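S.K.: Quick one: structure below, then a few questions.
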Amino acid sequence: MNTKNKNARMALAAGTLALICCGGAWAQAEMQARVGVDQEAATAVAPANKQEAAAAKHVNDAVTVVQKMLAEPRMKELLQQAKGIFIVPTYGRAALAVGAEGGAGVLLIKKADGAWSDPAFYNIGGLSAGAQVGVEAGAIALVLNNEKAVNKFMQKNIFALSAAAGLTIVNWSKVAQGSVGDGDVVAWSGAKGLYGNLVSVGVNDIRYNQKLTDAYYHQTVPVADAVAGKFTSPQSDALKQALAAAPATPPR
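Quick note, the sequence shown lines up with residues 0 to 251 if you use numbering that gives the first Met the number 0.
Right, here's the structure in full:
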């Protein structure tokens, strides 16, 4: 083999090797790009999944709260006559200070046929009264006795359930004892100490949680439609069944 042919064959081999290497590098780069796209897609989906999981947890936790409530004397009677209920399964200790973040809650209203709606989600801030010694955090529920109380939740802006907002807030312990009337809202708490008394003063900074509600129903849900119970989810069945243990009574 002459030198010229030898050099030509060496050049051809080198070119082939380079092509293989480049092809491998290109394939690796393409694979990395695809992985990157998949990771971005997963990241984009993850927040919605987390929101939906959080919403479902609030609903499931609310079932336990309703079961505890129904163990109270006269509670079934109160829920039979109620127009709605706002349940906050976990109200943090930090919220016992005025203006602090309280937690997330679910609102269910009683429809014209007496059935309970699926939930709408709300965040709440602090109580109208400040923290006091001996007060514990825990679950709270606000039983809405009339349309005036229910209509407060139709607002897009931050609102309050309090005397300052034109509502009569009554502590459940007094209702159970028969010492006062039901009022517009009856405040119940599963915590010990003075917590229930604080709740009865009123809850501030309530606002519709658009993200949780949308994630729960997999679509955009306007606040008016959420309160009207126009959307449904099978994840709500257990909570509605728990409330149905106190069947509706004819309007008073």
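Ideal Cβ positions, reconstructed from N, Cα and C, are used throughout, including at glycine.
Given the structure is predicted, the values throughout are model-derived calculations rather than measurements.
(1) Please state whether DSSP places residue 232 in a helix, a strand or coil.
(2) Below 7 Å CB to CB, which residues in the same chain sit around residue 74 once its five sequence neighbours on both sides are set aside?
(3) Pick out whichever of 163, 105, 189 and 81 has its Cα sitting closest to the Cα of residue 56.
(4) Which residue wins for smallest C-alpha separation from residue 139, given the options 220, 210, 201 and 234?
(5) Quick check on this structure: which residue in 154, 242 and 183 has the alpha carbon closest to the alpha carbon of residue 207?
(6) Exposed or buried, residue 88, counting other C-beta atoms within 10 Å across all chains shown (16 or more means buried)?
(7) So for residue 261, helix, strand or coil by DSSP?
(8) Check this for me: beta carbons of residue 85 and residue 143, under 8 Å apart or not?
(9) Given a cut-off of 8 Å on the beta-carbon distance, is the pair residue 149 and residue 108 in contact?
(10) What does the alpha-carbon distance come out to for the pair residue 115 and residue 145?
(11) Taking Cβ positions, are residue 182 and residue 167 nearer each other than 8 Å?
(12) May I ask which residues mark the beginning and end of the beta strand (DSSP E) holding residue 208?
M.R.: Judging by the given coordinates:
(1) Within the sequence shown, residue 232 is the residue found at index 233, counting from 1. Looking at residue 232 - three-state DSSP - the assignment turns out to be coil, as it is neither helix nor strand.
(2) The residue labelled residue 74 in the question sits at position 75 within the sequence shown. Around residue 74: 68.
(3) One-based indexing of the sequence shown puts residue 56 at position 57. Answer by Cα proximity: 105.
(4) Start at 1 with the first residue of the sequence shown, and residue 139 comes out as number 140. Here the closest residue by C-alpha is 201.
(5) Mapped onto the sequence shown, residue 207 falls at position 208. For residue 207, the nearest C-alpha among the options comes from 154.
(6) Numbered from 1 along the sequence shown, position 89 holds the residue referred to as residue 88. With 16 or more other Cβ atoms within 10 Å, it is buried.
(7) Given that the chain is displayed from residue 0 to residue 251, the structure contains no residue 261 and the question cannot be resolved.
(8) The residue labelled residue 85 in the question sits at position 86 within the sequence shown. The residue labelled residue 143 in the question sits at position 144 within the sequence shown. Yes; because the gap between Cβ atoms is below 8 Å, this pair is in contact.
(9) Locating residue 149 in the sequence shown gives position 150, counting from the first residue. Locating residue 108 in the sequence shown gives position 109, counting from the first residue. Yes. Within cutoff.
(10) Reading the sequence shown from its first residue, position 116 is the one you call residue 115. Reading the sequence shown from its first residue, position 146 is the one you call residue 145. About 15 Å.
(11) Residue numbering aside, residue 182 sits at position 183 when the sequence shown is read from its first letter. Residue numbering aside, residue 167 sits at position 168 when the sequence shown is read from its first letter. In contact: residue 182 and residue 167 (Cβ atoms closer than 8 Å).
(12) Start at 1 with the first residue of the sequence shown, and residue 208 comes out as number 209. Run containing residue 208: none; DSSP gives neither H nor E here.
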